[in-house]
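>
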Amino acid sequence: MSVESQANLRLLSGNEAIARGAYEAGVTVAAAYPGTPSTEILESLADYDGVHAEWAPNEKVAVEVALGAAMAGARALAAMKHVGVNVAADPIFTASYTGVRGGLVIVTADDPEMHSSQNEQDNRHYAVAAKIPMLEPADSAETKAYTKLAFALSERFDTPVFLRTTTRIAHATGVVPLEAVEPPPIPPGFVEEPAKWVMLPVNARRRHVVVEERMRALRGFAETFEGNRIEWGDRSLGVVTAGVAYQYVREAFPNASILKLGMVHPLPDGLVREFAAGVQRLVVVEELDPVIETHVKAMGIRAEGKDRVPLLGELNTRVVRQAVSGEAPPLREPADVPPRPPNLCAGCPHRSLFFALNKCKVTVTGDIGCYTLSALPPLKSMDTCVCMGASIGNALGIEKALGPTARGKVVAVIGDSTFVHSGITGLINVVYNRGFSTVIILDNGTTAMTGAQDHPGTGKTLQAQPTHRLDLEALCRAVGVEHVYTVNPHDQAATEARLRRELARDAPSVIIARAPCVLLPEHRAENRPAFEVVAELCNGCKACGKLGCPAIEWIPLTPEEAVAAGKKATQKGIVRINRLLCDGCNLCPDVCKMRGIVEVGT
Amino acid sequence: MSLLRGGVFLAGVGGQGILLASEILGEAFLRSGYDVKKSEVHGMAQRGGAVTTHLRFGPRVYAPLIEPGTADLLIAFEKLEALRFLHFLKPGGTVLVNAQEIPPAPVSSGQARYPERIEERLREATPDVHVLDALGAALALHEVRAVNMVMTGAASHFLPLAEAKYLEALAARLPTRFVEVNTRAFRAGRALVVPPDAGRGGYADDGVPAHGGDR
Numbered sequence: 327m328s329v330e331s332q333a334n335l336r337l338l339s340g341n342e343a344i345a346r347g348a349y350e351a352g353v354t355v356a357a358a359y360p361g362t363p364s365t366e367i368l369e370s371l372a373d374y375d376g377v378h379a380e381w382a383p384n385e386k387v388a389v390e391v392a393l394g395a396a397m398a399g400a401r402a403l404a405a406m407k408h409v410g411v412n413v414a415a416d417p418i419f420t421a422s423y424t425g426v427r428g429g430l431v432i433v434t435a436d437d438p439e440m441h442s443s444q445n446e447q448d449n450r451h452y453a454v455a456a457k458i459p460m461l462e463p464a465d466s467a468e469t470k471a472y473t474k475l476a477f478a479l480s481e482r483f484d485t486p487v488f489l490r491t492t493t494r495i496a497h498a499t500g501v502v503p504l505e506a507v508e509p510p511p512i513p514p515g516f517v518e519e520p521a522k523w524v525m526l527p528v529n530a531r532r533r534h535v536v537v538e539e540r541m542r543a544l545r546g547f548a549e550t551f552e553g554n555r556i557e558w559g560d561r562s563l564g565v566v567t568a569g570v571a572y573q574y575v576r577e578a579f580p581n582a583s584i585l586k587l588g589m590v591h592p593l594p595d596g597l598v599r600e601f602a603a604g605v606q607r608l609v610v611v612e613e614l615d616p617v618i619e620t621h622v623k624a625m626g627i628r629a630e631g632k633d634r635v636p637l638l639g640e641l642n643t644r645v646v647r648q649a650v651s652g653e654a655p656p657l658r659e660p661a662d663v664p665p666r667p668p669n670l671c672a673g674c675p676h677r678s679l680f681f682a683l684n685k686c687k688v689t690v691t692g693d694i695g696c697y698t699l700s701a702l703p704p705l706k707s708m709d710t711c712v713c714m715g716a717s718i719g720n721a722l723g724i725e726k727a728l729g730p731t732a733r734g735k736v737v738a739v740i741g742d743s744t745f746v747h748s749g750i751t752g753l754i755n756v757v758y759n760r761g762f763s764t765v766i767i768l769d770n771g772t773t774a775m776t777g778a779q780d781h782p783g784t785g786k787t788l789q790a791q792p793t794h795r796l797d798l799e800a801l802c803r804a805v806g807v808e809h810v811y812t813v814n815p816h817d818q819a820a821t822e823a824r825l826r827r828e829l830a831r832d833a834p835s836v837i838i839a840r841a842p843c844v845l846l847p848e849h850r851a852e853n854r855p856a857f858e859v860v861a862e863l864c865n866g867c868k869a870c871g872k873l874g875c876p877a878i879e880w881i882p883l884t885p886e887e888a889v890a891a892g893k894k895a896t897q898k899g900i901v902r903i904n905r906l907l908c909d910g911c912n913l914c915p916d917v918c919k920m921r922g923i924v925e926v927g928t
Numbered sequence: 002m003s004l005l006r007g008g009v010f011l012a013g014v015g016g017q018g019i020l021l022a023s024e025i026l027g028e029a030f031l032r033s034g035y036d037v038k039k040s041e042v043h044g045m046a047q048r049g050g051a052v053t054t055h056l057r058f059g060p061r062v063y064a065p066l067i068e069p070g071t072a073d074l075l076i077a078f079e080k081l082e083a084l085r086f087l088h089f090l091k092p093g094g095t096v097l098v099n100a101q102e103i104p105p106a107p108v109s110s111g112q113a114r115y116p117e118r119i120e121e122r123l124r125e126a127t128p129d130v131h132v133l134d135a136l137g138a139a140l141a142l143h144e145v146r147a148v149n150m151v152m153t154g155a156a157s158h159f160l161p162l163a164e165a166k167y168l169e170a171l172a173a174r175l176p177t178r179f180v181e182v183n184t185r186a187f188r189a190g191r192a193l194v195v196p197p198d199a200g201r202g203g204y205a206d207d208g209v210p211a212h213g214g215d216r
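Residue numbers (my numbering), protein chains in the order written: chain G, 327 to 928; chain S, 2 to 216.
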């Protein structure tokens, strides 16, 4: 390898590779709502000159913005996690009919194994349902190449193009060669063309014909696309595979014949037939659903697949080897050790809110965010969690089902970013349909779970430029909620009093629990107190343990150790506060009946 | 000299800087002419939970994940996490472990006990176990966040790369103002471990030449 070529090599994650590919393809507009494992695509794109990259309030708006840009001739990208496509499905399905002018690429980042998701849906089904071609790269280098290819295909076939990644592509890093930026081929400008852009039934009927013709043309393209390739090897085993699963197959069966599909919709029937005819045994290895397998079988080809390869969770080399050959080299048993589940941070304002809410003994409909972790012990404060914004509709539904007996018994809890994403319409519905729900907006001033991204309520753009700050209180009043109150959740007495008052109210109300996320730089820069346990006062009652704060540590004592520490022999342990973790939120001192938790140095 | 092939499994707790450590290692391999892949998980899994990175290097790397039972080197930033992911280590592989203990939630809340005899249990599994006080070394540099570079420095003894490559990687990946303290932390980590006998640490050698080869 020459020195110059090595100088152009970078280690990029799949997400960074998408951003780089979009930049090299001359993208000028990109929009997304943060969601694991897709978030870093827009964060990375924001660093490139000449790209307008923005956080949209939700994925539907992101796709609409990107489609608008494509209508105006720009190359545009919208990125989202798998469940984001559910939110954006409405514009996506009709964008399939309108087609594009500038290239439009929609990234769907799926999360097999649900590392950070509420379901494990396989978004290849969307490509089939929306009649949109889908590319699926197998590592970072391919991800960049396919991103660029997707824009070219989008313009050539007048269609949005899906680029599908999974967690092990998006958050895996590989070596990527950098290339120069190519100017996009289409000059900017919106050209009036109602038959293409105005999807009245009369026009849409004609466009549906175009869609079907396009899919036929794409099926032809799939046959010759170099990303769909046969790697002939030992013909006794032939594996059809795509995405990261290809890498596991390569490792597990280095000598097998492989049909590697870079385009998972539409599929190249001719190539599949050629491959199937050339091997003795045909196995389809794909993560999640049998999408390729079902297609292959519908062609009348005998193949093995989900009868061997797991349907649930992600694959790896060992799983693939075992599924296909039955071989599983012996393995050391994983050690039986205490789990280390994720937890709310020390000082998290959500903990303070839920601790107060737990005293009210109500049913809590929850939502998507860090605060969903409050469903775990010891807080166990959340009773439902379905999707972005569902908390408010769920609360009203429970109320309507139970009637007046539900008053004061149900509360919806939703984060600030999630509320803007898709809670506002639910709140309008509560007022419109004469509900009496109490909605708590946990306003920590950021989209915390995905790593602290800005949103319309923070008053800052993706590039941290100041912009209009959405006024949540005014918004809630404007939709007809008369009772809107803001509390500081770290003030337990005031928060609990407000909760009780609003829960009892026979009218809709909103409580905005406002305190910054502890991970925000401005919060971390503050000089904050730390707390400590006065060891002589601790009687080991574990009341503070009910907070689930990671800074509060239980130190078990044997009877001898207890006596030596000046305790009764029956005391099972004492509590210590980890100074490195304590954020000084001041929640635990009031929980201690012995008044044994004090500010350090007092 | 040929390009070797191997896997490094990094394990620890969210906030310990594992992702940066693996980035520096990956960059050092890239700068030494290797193909390299690494894989990690972001999002909810990171909130104070167990964090892992798979790093694989060689003349050509396919899968981004290390197959259980095949890692050449397990770098644990926390003692308990070494035990949790020990099944990823190949027979006779190397374990490098920070002596620091960070109790997980079930231990903090008194529902479970922090496992005892971790060092012995690791040594029962493999003779090649190295325990170091990376937190102490970082605190000595007045930079508690440098634990990751102390561990990286110690790990460098067990990887087939020149020291200069790690320092180049550090300078390339870190903002200028953090380079000096991290370089010191790297060197402190290197000094904490008795270098193993010269040799290749048991990495697979497919005889692929280090230069002139096609990636």
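Don't be surprised by glycine CBs; every beta carbon is placed ideally from N, CA and C.
(1) For residue 637(G), is the classification buried or exposed, using 16 other Cβ atoms within 10 angstroms of its Cβ as the cut-off for buried?
(2) Taking residue 871(G) as the query, report the chain S residues whose CB atoms sit under 8 Å from its CB, ordered along the chain.
(3) Assess, as a yes-or-no matter, whether the segment 499-509 of chain G is touched by the segment 344-359 of chain G under the definition of 3 or more beta carbon pairs within less than 8 Å.
(4) Just reading off the beta strand (DSSP E) that residue 590(G) is part of, what are its end residues?
(5) For residue 213(S), which residues from the same chain have a beta carbon less than 8 Å from its beta carbon, with the 5 sequence-adjacent residues on both sides left out?
(6) Can you give me the Cβ contacts of residue 701(G) inside the same chain, cut-off strictly under 6 Å, excluding the 5 residues immediately before and after it?
(7) Using a beta-carbon distance cut-off of less than 7 Å, what residues from the segment 57-89 of chain S approach chain G?
(8) Along chain G, which residues have their Cβ under 7 Å away from the Cβ of residue 188(S)?
(9) Taking all protein chains shown into account, do 16 or more other C-beta atoms lie within 10 angstroms of the C-beta of residue 329(G), making it buried, or fewer, making it exposed?
(10) Exposed or buried, what is residue 480(G) when buried is set at 16 or more other beta-carbons lying within 10 Å of its beta-carbon?
(11) Output the distance between the C-alpha atoms of residue 371(G) and residue 402(G), rounded to the nearest integer angstrom.
(12) Bridge partners for residue 205(S) per DSSP, in chain order?
(13) Less than 7 Å between C-beta atoms, sequence neighbours within five positions excluded: which residues of the same chain meet that for residue 910(G)?
(14) Does the contact criterion of 3 or more C-beta pairs under 8 Å hold for the segment 708-717 of chain G versus the segment 737-751 of chain G?
(15) With a CB to CB cut of under 6 Å and the five nearest residues on each side skipped, what residues in its chain are close to residue 721(G)?
(16) Identify which residue in 162(S), 108(S), 127(S) and 97(S) has its Cα closest to the Cα of residue 135(S).
(17) Using only the alpha-carbon positions, how far apart do residue 164(S) and residue 88(S) sit?
(18) Consider the Cβ of residue 452(G): report whether some Cβ of chain S lies at a distance smaller than 8 Å.
(19) Check distances from the C-beta atoms of the segment 21-50 of chain S to those of chain G and list, in chain order, the residues that come in under 9 Å.
(20) Under 8 Å, Cβ to Cβ, is there at least one residue of chain G near residue 17(S)?
(21) Closest Cβ-Cβ distance between residue 14(S) and chain G: below 8 Å?
(22) Along chain G, which residues have their Cβ under 7 Å away from the Cβ of residue 114(S)?
(23) Closest Cβ-Cβ distance between residue 138(S) and chain G: below 8 Å?
(24) Just to confirm my understanding: we take residue 27(S), look at its own chain, exclude 5 residues before and 5 after, and list those with CB closer than 7 Å. What are they?
(25) Name, in chain order, the residues that DSSP records as bridge partners for residue 380(G).
(26) Is residue 914(G) close to chain S, meaning its C-beta is less than 8 Å from at least one C-beta of that chain?
(27) Alpha carbon to alpha carbon, how far is residue 676(G) from residue 607(G)?
(28) Between residue 137(S) and residue 880(G), what straight-line distance do the alpha-carbon atoms span, to the nearest angstrom?
(29) For residue 573(G), go through chain S and note every residue whose CB falls closer than 8 Å to its CB, in chain order.
(30) Does the beta carbon of residue 920(G) come closer than 8 Å to any beta carbon on chain S?
(31) I'd like to know if residue 126(S) contacts chain G, where contact means its C-beta is closer than 8 Å to some C-beta of that chain.
(32) Taking the alpha-carbon positions, what's the residue 443(G) to residue 407(G) distance?
(33) Please return the same chain residues whose Cβ sits closer than 7 Å to the Cβ of residue 574(G), not counting the five positions on each side in sequence.
(34) Could you tell me the boundaries of the alpha helix (DSSP H) in which residue 523(G) lies?
(35) Taking 8 Å as the CB-CB limit, is residue 329(G) close to chain S?
(36) My output table needs one value for residue 818(G): the three-state DSSP class, helix, strand or coil.
Working from what's here:
(1) exposed
(2) 109, 110 and 111
(3) yes
(4) 589-591
(5) Since pLDDT at residue 213(S) reaches only 40, below the 50 mark, its modelled position is unreliable, and the value read off the structure follows with that caveat. Counting only Cβ-Cβ distances below 8 Å, and skipping sequence neighbours, we find nothing.
(6) 708
(7) 63, 64, 65, 66, 68, 69, 70, 81, 84, 85, 87 and 88
(8) Within chain G, no residue comes near residue 188(S); the closest Cβ sits about 23 Å away, beyond 7 Å.
(9) Because residue 329(G) carries a pLDDT of 45, less than 50, the predicted location of this residue cannot be relied on, and no value is offered for it.
(10) buried
(11) 12 Å
(12) 6(S)
(13) 673, 854, 855, 856 and 857
(14) yes
(15) 691, 736, 738 and 763
(16) 97(S)
(17) 29 Å
(18) no
(19) 23, 24, 27, 28, 30, 31, 32, 34, 35, 36, 37, 38, 39, 40, 41, 42, 43, 44, 45, 46, 47, 48, 49 and 50
(20) no
(21) yes
(22) 882
(23) no
(24) 37, 39 and 56
(25) 357(G)
(26) no
(27) 55 Å
(28) 23 Å
(29) 63, 64 and 65
(30) no
(31) yes
(32) 9 Å
(33) 641, 642, 643 and 646
(34) 520-523
(35) Bear in mind that a pLDDT of 45 at residue 329(G), under 50, signals an unreliable position, so the number given afterwards is only what the model happens to contain. No, because no Cβ of chain S sits closer than 8 Å to the Cβ of residue 329(G).
(36) helix
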